[in-house]
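Colleague: Could you have a look at this structure, given as structure tokens, before my questions?
Number of protein chains: 2
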Amino acid sequence: MGIKTLNVNEDILNANDVLAENLKARFSQSRVFVMNLMSSPGAGKTSIILRIIESLADKYKVGVIEGDIASDVDSRKIAETGVDVLQVNTKGACHLDANMILSATDSLGIDGKQLLIIENVGNLVCPAEFRLGEDIKVMILSIPEGHDKPLKYPLMFTESDALILNKIDLLPYTDFDMDELCKTVKAMNPAIQIFSVSAKTGEGSERFTAWLEERIAGK
Amino acid sequence: MGIKTLNVNEDILNANDVLAENLKARFSQSRVFVMNLMSSPGAGKTSIILRIIESLADKYKVGVIEGDIASDVDSRKIAETGVDVLQVNTKGACHLDANMILSATDSLGIDGKQLLIIENVGNLVCPAEFRLGEDIKVMILSIPEGHDKPLKYPLMFTESDALILNKIDLLPYTDFDMDELCKTVKAMNPAIQIFSVSAKTGEGSERFTAWLEERIAGK
Numbered sequence: 001m002g003i004k005t006l007n008v009n010e011d012i013l014n015a016n017d018v019l020a021e022n023l024k025a026r027f028s029q030s031r032v033f034v035m036n037l038m039s040s041p042g043a044g045k046t047s048i049i050l051r052i053i054e055s056l057a058d059k060y061k062v063g064v065i066e067g068d069i070a071s072d073v074d075s076r077k078i079a080e081t082g083v084d085v086l087q088v089n090t091k092g093a094c095h096l097d098a099n100m101i102l103s104a105t106d107s108l109g110i111d112g113k114q115l116l117i118i119e120n121v122g123n124l125v126c127p128a129e130f131r132l133g134e135d136i137k138v139m140i141l142s143i144p145e146g147h148d149k150p151l152k153y154p155l156m157f158t159e160s161d162a163l164i165l166n167k168i169d170l171l172p173y174t175d176f177d178m179d180e181l182c183k184t185v186k187a188m189n190p191a192i193q194i195f196s197v198s199a200k201t202g203e204g205s206e207r208f209t210a211w212l213e214e215r216i217a218g219k
Numbered sequence: 220m221g222i223k224t225l226n227v228n229e230d231i232l233n234a235n236d237v238l239a240e241n242l243k244a245r246f247s248q249s250r251v252f253v254m255n256l257m258s259s260p261g262a263g264k265t266s267i268i269l270r271i272i273e274s275l276a277d278k279y280k281v282g283v284i285e286g287d288i289a290s291d292v293d294s295r296k297i298a299e300t301g302v303d304v305l306q307v308n309t310k311g312a313c314h315l316d317a318n319m320i321l322s323a324t325d326s327l328g329i330d331g332k333q334l335l336i337i338e339n340v341g342n343l344v345c346p347a348e349f350r351l352g353e354d355i356k357v358m359i360l361s362i363p364e365g366h367d368k369p370l371k372y373p374l375m376f377t378e379s380d381a382l383i384l385n386k387i388d389l390l391p392y393t394d395f396d397m398d399e400l401c402k403t404v405k406a407m408n409p410a411i412q413i414f415s416v417s418a419k420t421g422e423g424s425e426r427f428t429a430w431l432e433e434r435i436a437g438k
């Protein structure tokens, strides 16, 4: 009798990929463009989503899935805009997976929607490993987190289609080196789009939403 | 034949607890006080450790274990102070576990040390679940992350003995509500000690290191 090995992590990721393919087909059929938004806790995911809604919700029917370990703090902020939102509490899990999004999509309803934004759990590590059937992965790095993060959390930076550098209003009060950051990120992921934004003041937000709109229109 | 269930997460956590108990016994025998330091990416773990070294390394023999997914950015900063440091790269894992610390302790050497600081992987979720044989768990929340984090990442706040609110130099440029934060955290964890610090300017740092020193002396 040989040795049996259970590669738990590998099995989990393979199972997730199968479900993510199903999700991708479902999103294609419904013609809804899906963005998976990831970052550390407190980098500004919800604030960026509010800026996207402000710019695009008049033109496109938008839905939001809010992923959190616990609480409905963020979904209440989104609900105030009138956009359809569904809270997913992972009950301890540090990322969203495709199975959670399958259930969430059923509950939220995607028919007739053109843009679905998935706010992942605040975590710069595991969300990068779990595909959700999305069209694009967008990550946020906030200025106070520092310019050394790409070297320490490489997968998130190599997996993302766009990087939003948020809280640029705090640039004067930090030692964040913008040139160094962009050089490091572009070396790791030459195709990534980088946007400097302050979700608080609105600065730079239109450039990102214009890029997003092009992607939605291109689907 | 009945149904067999593999509760992977539970088994992993139980196995970790057994190793953590072994570690705790080893730390006790060596009379080394161990602090597990946790936070989101970029909240200032390494900067706080540098402040601790500045205050205490003359009086106590200090060692540092640096946990990161990849890179040795942080351990190089610590090494410059002359303190013994060991880099642990988790190769994708989003937290340190007791097994990693067992190996790390062997490599670093703890005999003759009085304070061992373990810098966990930057993550507000999973590190809170994995005991490392530590005497105290300390977490950092940085001001730009916002005062709503306790509700969204409750376990970290309930598990920690002390909370360092770092980057208070940025308070004037944010809408961080200090009273609200302290009220929420104290309701979740009445015994937690809260320290307002700027690792950048040094403000408040001595109050935290004085508290830490009392704990070391009490072991």
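Note that the protein sequences, when read in sequence, are chains A and B. The first sequence: position 134 = 134 (my numbering), numbered continuously. The second sequence: position 48 = 267 (my numbering), numbered continuously. Note that beta-carbon positions come from the ideal geometry of N, C-alpha and C, so glycine has one too. If you're wondering where the values come from, they're calculated on a predicted model, not measured in any experiment.
Below 8 angstroms CB to CB, which residues in the same chain sit around residue 193/A once its five sequence neighbours on both sides are set aside?
Modeller: 161, 162, 163 and 211.
Colleague: Helix, strand or coil for residue 114/A? Go by DSSP, reduced to three states.
Modeller: In the structure shown, residue 114/A sits in coil (DSSP, three-state: anything other than H, G, I, E or B).
Colleague: Please name the residues in the region 43-69 of chain A whose beta-carbon is closer than 7 angstroms to at least one beta-carbon of chain B, in chain order.
Modeller: Of all residues in the region 43-69 of chain A, 68 and 69 have a Cβ within less than 7 angstroms of some Cβ in chain B.
Colleague: Anything in the region 124-148 of chain A with a Cβ closer than 9 angstroms to a Cβ of chain B? List those residues in chain order, please.
Modeller: Cβ contacts with chain B come from 124, 125, 126, 129, 141, 142, 143, 144, 145, 146 and 148.
Colleague: What does the Cβ neighbour count give for residue 237/B, buried or exposed, with the cut at 16 atoms within 10 Å?
Modeller: Its Cβ having fewer than 16 others within 10 Å, residue 237/B is exposed.
Colleague: Got a sec: is the Cβ-Cβ distance from residue 292/B to anything in chain A below 8 angstroms?
Modeller: Taking Cβ atoms only, chain A reaches closer than 8 angstroms to residue 292/B, which makes this a yes.
Colleague: Go to residue 169/B, then tell me how far its alpha helix (DSSP H) extends in each direction, as first and last residue.
Modeller: Outside the displayed span of chain B (220 to 438) sits residue 169/B, for which this structure offers no information.
Colleague: Can you find a C-beta in chain A that's less than 8 angstroms from the C-beta of residue 405/B?
Modeller: It does not: the Cβ of residue 405/B has no partner Cβ on chain A nearer than 8 angstroms.
Colleague: Considering only residues of the same chain and omitting the five flanking positions on each side of residue 328/B, which have a CB-CB separation below 6 angstroms?
Modeller: Cβ within range, chain order: n/a, list empty.
Colleague: Determine the extent of the beta strand (DSSP E) in which residue 284/B is found, giving its start and end residues.
Modeller: Here the beta strand (DSSP E) through residue 284/B covers 281-287.
Colleague: So residue 259/B contacts chain A; which residues on that side make the cut at Cβ distance below 9 angstroms?
Modeller: The contacting residues are 40, 41, 42, 43, 122, 123, 124 and 145.
Colleague: Would you kindly report the start and end of the unbroken beta strand (DSSP E) that includes residue 84/A?
Modeller: That run of the beta strand (DSSP E) goes 84-89.
Colleague: Report back the beta-carbon spacing between residue 81/A and residue 57/A to the nearest angstrom; my notes put them in contact at under 8 angstroms.
Modeller: With 8 angstroms as the limit, residue 81/A and residue 57/A qualify as a contact, their Cβ atoms being about 7 angstroms apart.
Colleague: Please compile the residues from chain B whose C-beta is within a distance smaller than 8 angstroms of the C-beta of residue 94/A.
Modeller: Under the 8 angstroms cutoff, chain B gives 313, 342, 344 and 345.
Colleague: With 16 other CB atoms within 10 Å as the buried threshold, where does residue 201/A fall?
Modeller: Burial call: exposed.
Colleague: Do residue 298/B and residue 304/B have their beta-carbon atoms positioned less than 8 angstroms apart in this structure?
Modeller: Going by C-beta atoms, residue 304/B is nearer than 8 angstroms to residue 298/B.
Colleague: Between residue 151/A and chain B, is there a C-beta pair that is closer than 8 angstroms?
Modeller: By this cut-off, residue 151/A is an interface position.
Colleague: Determine the DSSP secondary structure at residue 258/B, reduced to helix, strand or coil.
Modeller: Of the three classes helix, strand and coil, the one that applies to residue 258/B here is strand, per DSSP.
Colleague: Which chain A residues are close to residue 402/B, counting only those with a beta carbon under 7 angstroms from its beta carbon?
Modeller: In chain order: nothing, as chain A lies at least about 15 angstroms away.
Colleague: Taking the straight line between their C-alpha atoms, what separation do you get for residue 325/B and residue 435/B?
Modeller: Cα to Cα, the separation comes out at about 22 angstroms.
Colleague: Please list the segments of the beta strand (DSSP E) lying wholly inside the region 309-381 of chain B, counting only runs of 3 or more residues, in order along the chain.
Modeller: Runs of the beta strand (DSSP E) inside the region 309-381 of chain B: 334-338 and 355-361.
Colleague: Between residue 319/B and the rest of its own chain, which residues show a CB-CB distance below 6 angstroms, the 5 nearest in sequence each way excluded?
Modeller: Contacts found: 307.
Colleague: On the DSSP letters alone, give me the boundaries of the beta strand (DSSP E) that residue 196/A sits inside.
Modeller: Here the beta strand (DSSP E) through residue 196/A covers 193-196.
Colleague: Tell me the residue span of the alpha helix (DSSP H) that contains residue 216/A.
Modeller: Note, residue 216/A: alpha helix (DSSP H), 205-217.
Colleague: Please list the residues of the region 154-170 of chain A that have a C-beta atom closer than 8 angstroms to any C-beta atom in chain B, keeping them in chain order.
Modeller: Going along the region 154-170 of chain A in chain order, one finds 154, 155, 167, 169 and 170 with a Cβ nearer than 8 angstroms to chain B.
Colleague: Kindly identify the DSSP beta-bridge partner or partners of residue 34/A.
Modeller: DSSP lists 116/A as partners of residue 34/A.
Colleague: Does the region 35-50 of chain A come within contact of the region 18-27 of chain A, defined as at least 3 CB pairs closer than 8 angstroms?
Modeller: No, they do not touch.
Colleague: What residue range is occupied by the uninterrupted alpha helix (DSSP H) comprising residue 265/B?
Modeller: Note, residue 265/B: alpha helix (DSSP H), 264-275.
Colleague: Please work out which residues of its chain come closer than 6 angstroms, Cβ to Cβ, to residue 453/B, disregarding the five sequence neighbours upstream and downstream, and give them in chain order.
Modeller: As displayed, chain B neither begins before 220 nor continues past 438, which places residue 453/B out of reach and without an answer.
Colleague: Counting C-beta neighbours from all protein chains within 10 Å, is the total for residue 15/A 16 or more, i.e. buried, or is it exposed?
Modeller: So residue 15/A counts as exposed.
Colleague: For residue 344/B versus residue 384/B, is the C-beta spacing smaller than 8 angstroms?
Modeller: No. Outside cutoff.
Colleague: According to the Cβ coordinates, are residue 221/A and residue 142/A closer than 8 angstroms?
Modeller: Nothing about residue 221/A can be read from this structure; chain A reaches only from 1 to 219.
Colleague: Have a look at residue 11/A and residue 191/A and give me their C-alpha separation to the nearest angstrom.
Modeller: So the two alpha carbons sit approximately 30 angstroms from each other.
Colleague: Where does residue 354/B land, buried or exposed, given buried means 16+ other C-beta within 10 angstroms?
Modeller: Residue 354/B is buried by the Cβ-count criterion.
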